[in-house]
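Each number in this note's numbering comes from the position in the sequence shown (counting from 1) with 4 added on. Here the structure comes first, spelled out in structure tokens, and everything after it is commentary.
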Amino acid sequence: MKSTLLAVQALFRWLLPTHNYLKRLIWLGCISVAIPIVLAGSAYYHFSMKKLTVQFQEDNRASLRQLKDRVESALTGIEHESLQLASHPLLKGSLGRPDYGSDIISQVELLDFFQLHKNTNSLIQEIIFYDDRSATALSSYYGLARLDDFPQAEDIRGLLSGQEPAGWLYLPESGSHGYISYIRRLPIMDRGNPQGLLIIQVPEEALRELLRSYSISLMNQQVKVVDSHNRIILDTSGREELGRDAAEDPDLNRALVGEQRTGQYVLEREEGRELIAYDKNAYGRTYVSLLPEREMIEQLGWIRALIVFSVSIFLLIGMLLTFFSSKLAYNPIQKLLQYGEHLRRSGPDERPKGNEIEYIRSCLSYLNEQAESLDQYVKNVQPDLRERFLQKQLQGGGSKNRKELEQACRKFHIEADGQFVVLITKVENLLKEKRFLPHEGAVIVFAVKNVMSELLARFPDMTGYVVDKDEREAVAVIRFGEETSASAIRHMLLAYSEQVRDALADYLSFTVSTGIGRPAGLEELNASYKAARHALQFRLLHDADTILFYEDMIGIERHPMFIYPREIEESILELLWTGDLEPAELALQQFAQRMRAAESYNIVFQCYQVLLSSIIQHLEEKGPGVLELLGDNLFDQLKGNHSSQEMHDWFIEVLFPLYQQISHELRTKSTRLLIQRVRSHIANHPDGTHSLSECAELVGVSPSYLSRLFKKETGVSFIEYVMEHKVEKAKQLLRETDRSVVEIAEIVGYSERNLNRAFQRFVQMSPKQYRLSKR
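Pasting the structure below:
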């Protein structure tokens, strides 16, 4: 016993020596890894098994409920089809009619009607209409036949002797062929002997397939459907129990007689416990799921193996990582200590102050100082020289000399030979992007560059670099080998562009478009860059294409003739002025569709500029000072849109609301000015007729609108104001001149008779009497 104890102590001293910290570090790390993993695995197994069992039962009930809804949808759909058929005037008119048996036209119409309902419901296999008076059966499959000649005559005779008005049945003849039938006695509300029958036959296998699509379907699990008469109408286990009375089975009877509509319970049987879940509907049908407990436990048995396997793997990996990490962690320390001892032996015979930890700390301090110095140096040489070199080549300011280029490429570790293609990726719809401020375009381009660089590394046949251009777009310079074919280049560029587009959409919620230039040498990189920009311009024409190749765009056939849609522009202006934004948006869409026919970026962009200019001019005509109200340069904002959708959104979300705001201010401020212009016109032209239409045309409004404004502003109607003004002018002439009444009437635009009437109305005397009264 004593020797055993000594041996154990010796083992522990070997495993955990006081002088060897490496072994202590390894074994303490292994123990620290093993204990938490084993405890966590045991606890996880206990709680997961308990939780999964409960979750399994809940999922079973939820799945049964979903199955019930799915099957009920199919059954009630067929029942509804039967009710529609029975209620249709065509069928009701044929039922019991004396000449029905010989009316071929009615029979053909019924067959067409049956075929229509069969086509609308894929579950319906056969529709049979039996008329008792003529003793004929009309079938969508067999056509018209006497009852004695009809293949399912025994089924029909049996149904005529029954009492059930409607329901699902397994008839002897059709049931033997795998059909379940929904029968309805005709007429519908008649309580006497039936005059006919309507039978809809559905393949029982098709309905059983709906039960088999159970979301937690196990090997020995059964699902049964019981109707309101306790008959089993569907069963996943087979056809043996179809039509049997479910009340004869005590296990099923408990679910049928229960007061609750849904529930579950466990039955104790000789072969084991069984979980029974049921769900009733409003039609009296009951859906019952019978699940053996052993099946459920076997399904959850994978968790035991998974936990044991996971714990073992984690334990093994943890111990291996602990061993190797301890060795790796201790190795530099050991070498550093050995190097320190070497320095002490090489130098003066003097021990360093402090212990090894202090020595290591001093080394780390020195390394930190060097790291800070190196970081400062890296910051001083930013931006990266290679990126600046590529940007210079893209702008066309680089050297065209091949030797100078090769020398610069060796300096920046760039391969100078091969085919280079420029790919430009631009983020769209920044107008709607609320996560970034307007001046944070560099942040967006930086994120796009990182994604593009990471995805570029996944293509072994492509090499290159991603740079930013003016903090607005990310530009990829991609190199291919000299032997790479044009089709292979196109295929790889398309795959890369699609991955970039999908990654930015999934992870950053960015919508981007990509323009791809033509292959060129490094000295012609600027030409490929211009081609990519030219391809990207076609987003204004092809809004559905987000990846555009230069070769595809230059091959598009242009229409030689294009007429600017002036009538649509005038419609937009009129709708904007009247405040009808939705019709204006539709008119803008028509405007865009008409412009796409030009197949020219310059024409389309110029048309948008013309439209913007017309809108501004239209506002300026309505009132002075509009340009000051417009604020920033709208043409610069328009130029910042590169796709048809961006153009549409800018007009709808920026320009149209701005137009509405300014037009409202103009209407509010110009009402008095408009009335003043009318009054000045009347005063400056006293001899005119001054009709309401003439004045309305003068100020550019409708006559009815001018009449309402004039009444509101002056307090009198337009006609009364004109008459008063003419009378005042005539009174002035009568006082100050010796002209006759006829001459004065001509001056103010009246006849002598009308002038007399106006004086009688407003002055209560004639013009002659007024002149005598003033002299």
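Idealized CB from N, CA, C, for every residue including glycine. For clarity, every value in this text was computed on a predicted model and none was experimentally measured.
Under three-state DSSP, which class holds Gln129?
In the structure shown, Gln129 sits in coil (DSSP, three-state: anything other than H, G, I, E or B).
Span separating the alpha-carbon of Leu662 from that of Leu615:
The straight-line gap from Cα to Cα measures roughly 15 Å.
Got a sec, what are the start and stop residues for the alpha helix (DSSP H) Phe553 sits in?
Residue range 551-553 is occupied by the beta strand (DSSP E) that includes Phe553, with no alpha helix (DSSP H) assigned at that position.
Within-7 Å CB hit, Gln156 to chain C:
Going by chain labels, chain C is absent from the structure shown, which holds only one protein chain.
Taking Leu127 and Ala210 to be in contact with their CB atoms under 8 Å, please state how far apart those CB atoms are, rounded to whole angstroms.
Sure, about 6 Å apart at Cβ, within 8 Å.
Whole-number beta carbon distance between Gly422 and Phe463, since they are thought to touch under 8 Å
With a Cβ gap of about 14 Å, Phe463 and Gly422 do not count as contacting.
In whole angstroms, give me the CA-to-CA distance for Gln266 and Arg65.
Rather than Gln, the amino acid found at residue 266 in this sequence is Thr. Looking at the backbone, the Cα of Thr266 and that of Arg65 are separated by about 9 Å.
Measure the alpha-carbon distance for Val229 versus Tyr291 and round it to whole angstroms.
If you draw a straight line from the Cα of Val229 to the Cα of Tyr291, it comes to about 5 Å.
If you scan the stretch 587-657 from start to end, which runs of the alpha helix (DSSP H) of 4 or more residues do you find wholly inside it?
The stretch 587-657 contains these whole alpha helix (DSSP H) runs: 605-626, 630-634, 638-643, 648-654.
With distances taken Cα to Cα, identify the nearest neighbour of Pro569 among Leu579, Cys611, Phe424.
It is Cys611.
In terms of residue numbering, what span does the beta strand (DSSP E) encompassing Ile204 cover?
For Ile204, the enclosing beta strand (DSSP E) stretches over residues 200-207.
Going by the CB atoms, is the gap between Ile520 and Leu427 shorter than 7 Å?
Against a cut-off of 7 Å, the Cβ pair of Ile520 and Leu427 comes out as a contact.
Between the alpha carbons of Arg775 and Cys699, how many angstroms are there, rounded?
If I take the Cα positions, the gap works out to 32 Å.
Which residues in the same chain have their Cβ closer than 7 Å to the Cβ of Lys453, if we skip the five residues on either side of it in sequence?
Only residues of its own chain outside the window of five on either side were considered, and among them Val470, Asp472, Ala478 have a CB closer than 7 Å to the CB of Lys453, listed in chain order.
Is it the case that the stretch 159-169 contacts the stretch 197-204, given that we only count it when at least three CB pairs across the two stretches are under 8 Å?
Look at the beta carbons and you see the stretch 197-204 touching the stretch 159-169: at least three pairs across the two are nearer than 8 Å.
Kindly list the residues whose CB is nearer than 8 Å to the CB of Ala687, restricted to its own chain and excluding five residues on each side of it in sequence; keep chain order.
These residues qualify, in order along the chain: His729.
Sort out for me which residues DSSP pairs Val230 with in a bridge.
Paired residue(s): Ile236, Thr290.
For the beta strand (DSSP E) containing Leu429, list its first residue and its last residue.
This sequence places Thr at residue 429; Leu is not what is there. In the DSSP assignment, Thr429 falls within the beta strand (DSSP E) that extends over 423-432.
Anticipated Cβ contact below 8 Å, Pro176 with Asp152, distance rounded:
Wrong, their Cβ atoms sit about 17 Å apart, outside the cutoff.
Hey, out of Ile184, Leu32, Leu713, whose CA is closest to Asp239's CA?
Nearest C-alpha to Asp239: Ile184.
Taking the continuous alpha helix (DSSP H) assigned at Leu498, which residues delimit it?
Residues 490-511.
What residue range does the alpha helix (DSSP H) around Ile108 cover?
For Ile108, the uninterrupted alpha helix (DSSP H) segment begins and ends at 108-124.
If we count Cβ pairs, one from each stretch, closer than 8 Å, do we get three or more for the stretch 100-116 versus the stretch 126-146?
The stretch 100-116 vs the stretch 126-146: in contact.
Decide if the stretch 253-263 is in contact with the stretch 274-289; the criterion is three or more beta carbon pairs, one per stretch, under 8 Å apart.
The answer is yes - the stretch 274-289 touches the stretch 253-263, with three or more Cβ pairs under 8 Å.
Would you check if the distance between the CB atom of Leu89 and the CB atom of Leu95 is smaller than 7 Å?
Leu89 places its beta carbon less than 7 Å from that of Leu95.
Out of Ala250, Ile311, Ile187, which one is the CA nearest neighbour of Ser52?
That would be Ile311, whose Cα lies nearest to the Cα of Ser52.
Can you tell me which of the three DSSP states Lys357 falls into?
Residue placement at Lys357 is poorly supported in this model, since its pLDDT is 49, which falls under 50; the coordinates still yield a value, given next. In the structure shown, Lys357 falls within a coil segment according to DSSP collapsed to helix, strand and coil.
CA-CA distance, Tyr511 and Ala446?
The straight-line gap from Cα to Cα measures roughly 18 Å.
Let me know the secondary structure DSSP gives Glu263 once reduced to three states.
Glu263: coil per DSSP, three-state reduction.
Consult DSSP for Thr57 and reduce its assignment to one of helix, strand or coil.
In the structure shown, Thr57 sits in a helix (DSSP, three-state: H, G or I).
Inter-residue spacing [alpha-carbon to alpha-carbon] between Leu409 and Glu486
Each residue's alpha carbon lies about 17 Å from the other.
Measuring only the C-alpha atoms, how far is Met651 from Val58?
Answer to the nearest angstrom: the Cα atoms are 56 Å apart.
Would you say Val731 and Ala762 are within 7 Å of each other, going by their C-beta atoms?
For Val731 and Ala762, yes; Cβs fall inside 7 Å.
Expressed to the nearest angstrom, what Euclidean distance is found between the alpha-carbon atoms of Ser143 and Ile203?
Taken atom to atom, the span from the alpha-carbon of Ser143 to that of Ile203 is near 9 Å.
Would you call the stretch 748-757 in contact with the stretch 701-715, where contact means no fewer than 3 C-beta pairs closer than 8 Å?
Result no; under three Cβ-Cβ pairs closer than 8 Å.
I'd like the list of long-range same chain contacts for Phe766, defined as Cβ closer than 8 Å, with 5 residues on each side in sequence excluded.
Correct list, in chain order: Met727, Glu728, Val731.
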